[in-house]
């Protein structure tokens with residue numbers, strides 16, 4: 029942000045004017061912060077939407093954004109959340125055929141092939157059968173790690189300076 033200089037004299041009207049300028053500046057920073065957080069969240073959502081479109085419908089969960097407000101109601105953050113019973117498979121993979129034991133971030137070190145509780149067929153080269161919610165049987169070799177959250181984070185990291193300059197440089 030450009031430097032804001034507020035000059036005042038030591039009299040009542042000048043100090044009152046300086047206070048008003050500071051309050052206006054504070055509101056402007058809050059407004060720009062809300063725009064900044066929204067643009068970052070939209071960047072992540074766009075990547076997640078693109079990634080989720082490539083995933084077969086039976087493997088998808090749902091996703092949404094959540095805005096984080098402080099006690100005054102100002103936006104101070106945003107979260108993009110994936111939900112569903114298969115969301116860890118979408119992010120970290122499943123099965124020996126498509127699964128991976130290496131996730132690009134330390135946060136994923138505890139996930140991957142063979143880490144799902146009660147798994148019996150993760151390393152079975154013939155795959156496994158499962159029954160879906162409608163009672164139909166399906167065969168699977170697992171799924172690859174689509175990593176929508178990882179890719180969203182990477183996109184945000186790449187764009188954060190550009191977005192900050194765009195929003196706060198005005």
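Residue numbers (the numbering used here): 29 to 198.
Glycine is no exception: its CB is placed at the ideal position from the N, C-alpha and C atoms.
Bear in mind that the values here come from a model prediction, so they are computed numbers and not experimental data.
Beta-carbon spacing of residue i, residue j below 9 Å
i           : j           : result
residue 65  : residue 104 : yes
residue 191 : residue 88  : no
residue 50  : residue 63  : no
residue 112 : residue 82  : no
For residue i, three-class secondary structure by DSSP
i           : result
residue 110 : strand
residue 105 : strand
residue 192 : helix
7 Å Cβ shell around residue i - same chain, five flanking residues per side excluded
i           : result
residue 158 : 166, 168
Nonlocal neighbours in the same chain, by C-beta distance under 6 Å from residue i, ignoring five residues either side
i          : result
residue 53 : 32
residue 69 : 93, 106
Local Cβ density within 10 Å of residue i, reported as buried at 16 or more and exposed below that
i           : result
residue 195 : buried
residue 78  : exposed
residue 43  : exposed
Quick one: any contact between the stretch 111 to 119 and the stretch 165 to 174, if contact means 3 or more CB pairs under 8 Å?
yes
On the three-pair Cβ rule with 8 Å, is the stretch 72 to 85 touching the stretch 39 to 55?
no
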